[in-house]
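Notes follow once the structure below has been shown.
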Amino acid sequence: MLRAARAAIGHGRRLSTKVDLFVAQDQFVPRHIGPTDGETARMLKAIGCSSLDDLVKKTVPEGIRLNRAMNFGPFSRSMGEHEALTHMKALASKNVVAHNFIGMGYHGTKTPAVILRNVIENPAWYTQYTPYQPEVAQGRLESLMNFQTLITGLTGLELCNASLLDEGTAAAEAMSMCHGLASKRGKFFVDKRVHPQTIAVVQCRAEGFGIEVVVGDFASAQLDDTYSGCLLQYPATDGAVLDYKPFIAAAKKVGAKAAVAADPLALMLLESPASLGADIAVGSAQRFGVPLGYGGPHAGFLATSAAFARKMPGRIIGLSIDAQNKPAYRLTMQTREQHIRRDKATSNVCTAQALLANVSAMYALYHGPEGLKEIALRTHMTASLLAAGLTKLGFEVAPGPYFDTIAVKAPSAAAVQSAGHDAQLNFRVLDATTLSLACDETTTPEAVEKVWAVFAGKQATPFSAKEVLATLPNGGDHLSGSAHARKDAPVSHAIFSTHRSESQLLRYMHKLQNKDLSLVHSMIPLGSCTMKLNSTAEMIPITWPEINAIHPYAPLHQAKGYLELFKNLEMILAEVTGFDAVSLQPNSGAMGEYSGLRAIRAYQASKGEAHRDVCIIPVSAHGTNPASAVMCGLRVVPIGCDEHGNIDVDDLRAKAAKHKDRLSSLMVTYPSTHGVFEEAIAEVCKIVHDNGGQVYMDGANMNAQVGLCRPGDFGADVCHLNLHKTFCIPHGGGGPGVGPIGVKAHLAPHLPGNPIVKEGSLGLGADKAFGAVAAAPWGSASILPISYMYCVMMGADGLKKATQLAILNANYMAKRLEGHYDVLFTGKDGMCAHEFILDIRTIKAKTGISESDIAKRLADYGFHAPTMSWPVPGTIMVEPTESEDLAELNRYCDALISIREEIKEVEDGVYPADNNVLKNAPHPMHVVSASEWPYAYSREQAAYPMPHLHSAKFWPTTSRVNDVYGDRNLVCTCPPMEDLVDDADKMAAAN
């Protein structure tokens, strides 16, 4: 009892017998916020502030402060965890889980329980950051390599990325690739049988590049040298398996590239896109174990030939070697990405759907090639059974070949669809007299009989599924032996035949998991990436069938719970930001940027100002900013920063005036990318408005604003929000993310739309929508409950307190590190925002020790590195978030201080500049335990630089990875398994 009392006191809680029955016992706010009241007081004292309000006064400019409480209506107060889950369950129960035959690239699937429990529900998988530090990310890098190998095998192409946002955006990226590869020809052909949502996303993206999208019939189309490429659906949206080879050959004769949007399950039975002659294959791996989730998140993919590697969008996993000449995985060819190329980048993609790609890769491992083929055959044969029964009932079914989707004629397609809804069966209407019905691995013979009954006027049919199946040649498999049949083995790598029992797969998952540093181990203080707590209570609803089993194009009356959640969340986000309307459709932060700029351009065009094409962007901006601007058809004009890291207002004023007749927008991050609340932000916005432009605010740093100030109040016209940062959606090892935008009223009519769902929540159905940016109406809908749960459990006051503590934690760490490192930028009262920059340039000049060396050495201390070399080269940017308690903050500070002492040993000549504990970091177990130890420093110093590591040590599993070798020797699919245990010379020879 005494020990418990001391523990309570130590955590700043006062023991008391007083109980308030009107306040939930399971309050979430103190669970989310790391520091206790006592720790908060100690940190405030350390930085010279009397209170959190005093800290805010010294940090946030007076003129922009929100001097009132946020008002979320009935959600202003914080809910307890159980109350919030009960509320969420009530919302979810308003959704109808019907059996979907809609198709359109979205299919029912069975997520193996071992994957559900050990990946999707496992924080060691979903809280990892993007694997920019490969030495502490070998597990998920290997899994993503498995994903790439899976997709290249299915498509027959040589190279695949580590996933894209969805099929629609992957198709848009393919169009952009074709445009770049074909000397920027002005036209792009899309077959009319491509999924309608994909066509819409491609058309939207094409507008920004000035590409004319021609939608037509491939059977009669004649391409010429004005076309950069074409897009075909395989199988087509109506289910037909068509012969594209002559058309693709003709397109290539005139120099056009061919892209095929392919169903990966169908590719187990059908010829590969490469066999058809395709240059690019895109699609979605959703039906490989990833729930429907009302549209996402799902792992899109793009595969192509190695010749086009430098033009590929997104992240690519490659195989390299480490300092011990052992194989090691890494992100390869990063110089293609927007972080480096900025306005010259081929894409603004800044995220992947890594978690979902890992799920699909594990699904393939679980089933193996035989299991995947069986699922494909069962799906195909079920469609044949469905077609045969409808034919027996007198309906006209389109002749094959088909894979899983059939088209059937009916006197009134709408009437049949409505009758299906009554039976909780969802069909798709193609036209007034035609429906399409798609089968999947969840479609049973009993479900087929229910469909027959609907078509028979809700009468039982005079035959059973078993009777009809017995009459079908080859059990209904009419693809085997046909001209379209696959001739090769699509999933042939040994990795997919190795982990067949659940015991084997479970051990493999945990083997990979144990190679990765995530939030289950220690804090991940990445500046502008906000790696805060992703609570279990927030995560629970995403696995409920009422949330994850809804088709994105199910009728709206089956999604009432979702629509109510969207409305509530939009209201909360609008209040947080000070905007009038919100769109939840953008399914990444980069897509949020793009959407915000497109809304501005659409608004200006509606006023007869389409000529406004200049976008002013500070040189310190995130690389996606200029890349997004160029994708919207804007010309980037950079402006500088002053010596304090703030926007150079004089430079802005001069360039805004110079371009006032063509000024479209300013892209600005607030607080600044240098981690400071700029005093002149309102003036900056006014300058842009005075010169006819609009202000786009990057919401990457919203974690420093919530409850304290609002972009809509101090001059922003639009702002995107990274829900995977400020609003707790986990990063998933590199994705998913969600990037909704808030806009002022004048931009609201121009929010993103959808070609099928024309109305719904406040942020969809805009009458002057600029187009669709994601394939699903509300983007990655199934993870929005995470942010919603966070908001309702925190309440208005809790969200404000989280912001205050985020700022306090950053200032405390900066204060502790003063005297050891130079803090680069602060505000007028010496305070930073929620993040701060440590300048390593002087250290490097004296010792040769770089920010990269410090990052690698932190892995030996069991910590993830901060953001490196951005926004200022030669620096590291630290963001602790509000979720880390004082002990963890101190541990990280202690590590950095210890590393500074190790640097001093190099300064003092104790160790040479090219051979010391930092240059050789990290030190994996196999190096430390080797019989030979070639270094002047001890094994103890290498592996256990601080005493607490003896009891809790995270071991990097590889030495420092050789980036140059990996780029020069490109290996982006799993090599033969024996090569992974061979030496580097043999690997190089194999290349």
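Once you know that position 497 of the sequence shown is 497 in the UniProt record's numbering, the rest is easy, because the numbers rise by one and skip nothing.
For every residue, glycine included, the Cβ atom is placed at its ideal position computed from N, Cα and C.
C-alpha gap between T433 and P411, whole angstroms: 6 angstroms
I think T958 touches E374, with their Cβ atoms under 8 angstroms apart; what is that distance to the nearest whole Å? With 8 angstroms as the limit, T958 and E374 do not qualify as a contact, their Cβ atoms being about 37 angstroms apart.
I47 to G798 span [Cα, whole Å]: 23 angstroms
With G675 and F836 assumed to form a contact (beta carbons below 8 angstroms), what rounded beta-carbon distance in angstroms separates them? 5 angstroms
How would you write the range of the beta strand (DSSP E) that E212 sits in, first residue to last? E212 to G216
Mind checking whether C350 and G589 have CB atoms under 8 angstroms apart? yes
Can you tell me the Cβ-Cβ gap for A306 and L159, rounded? I've got them flagged as a contact below 8 angstroms. 5 angstroms
Roughly how many angstroms separate the alpha carbons of S929 and V961, rounded to a whole number? 19 angstroms
Tell me, which residues are paired with E818 by DSSP? Y821
Under a three-way DSSP split, which group does H421 fall into? helix
What's the C-alpha gap between D488 and T149? 15 angstroms
Going by C-alpha distance, which of L838, I547 and L805 is nearest G819? L838
Spatial neighbours of L2 in its chain, beta-carbon cut-off 8 angstroms, leaving aside the 5 residues before and after: With a pLDDT of only 38 at L2, under the threshold of 50, the placement of this residue in the model should not be trusted; the figure read from the coordinates follows. Excluding positions up to five away in sequence, the list is empty.
Cβ neighbours of E81 in the same chain (closer than 7 angstroms, five flanking residues each side left out): D26, F28, A537 and M793
Enumerate in chain order the residues of its own chain whose CB-to-CB distance from A256 is below 7 angstroms, with the five nearest sequence positions on each side excluded. A182, L223, Y227, S228, G229 and C230
Rounded straight-line distance, which links the Cα of A465 to that of T379: 15 angstroms
Check the C-beta distance from G707 over to N722 and give it rounded, since I have them as a contact under 8 angstroms. G707 to N722, Cβ: 17 angstroms. No contact.
For R336, does the count of other Cβ atoms within 10 angstroms reach 16, so buried, or fall short, so exposed? Because the pLDDT at R336 is just 46, under 50, the model does not fix this residue reliably, and the value given afterwards should be weighed accordingly. Buried, by the Cβ-count rule.
Starting from H720, trace the beta strand (DSSP E) in both directions and tell me its first and last residue. V718 to H720
Going by the beta-carbon positions, is the gap between F714 and A682 smaller than 8 angstroms? yes
Please identify the residue among G645, G737 and S665 whose C-alpha is closest to the C-alpha of Q128. G737
Buried or exposed: which applies to M70, given that a residue is buried once 16 or more other Cβ atoms fall within 10 Å of its Cβ? buried
In chain order, what are the residue ranges of uninterrupted alpha helix (DSSP H) at least 4 long that sit wholly in the segment 405-486? 413-422, 445-455 and 465-471
Please go through the segment 613-676 and give each complete beta strand (DSSP E) segment of 3 or more residues, from N-terminal end onward. 614-618, 635-639 and 663-669
Relative to the C-alpha of A629, which residue among D422, G830, N348 and T198 is closest? N348
At what residue ranges does the segment 813-875 contain a whole run of the alpha helix (DSSP H), taking only runs of 4 or more? 841-847 and 851-860
When you compare only the Cα positions, how much space is there between K607 and Q694? 13 angstroms
Once the 5 residues before and after K192 are set aside, which same chain residues still bring their CB inside 7 angstroms of it? V215, G216 and D217
Would DSSP call residue 992 helix, strand or coil? For the chain, the structure presents residues 1 to 991; residue 992 sits outside this window and is missing.
Just curious, the beta strand (DSSP E) that M70 is in, first and last residue? From DSSP, M70 is part of no beta strand (DSSP E); its letter is neither H nor E.
For K326, which three-state DSSP category applies? coil
Provide the residue(s) that pair with G80 in DSSP beta bridges, ordered along the chain. Q27
Buried or exposed (CB count within 10 angstroms, at least 16 for buried), W933: exposed
Could you tell me the boundaries of the alpha helix (DSSP H) in which Y892 lies? L886 to E907
Flag this pair as yes or no: are the beta carbons of F579 and V743 separated by less than 8 angstroms? yes
Can you round the beta-carbon distance between R140 and G596 to whole angstroms, since I take them to be within the 8 angstroms contact cut? Incorrect: roughly 30 angstroms between the Cβ atoms, too far for contact.
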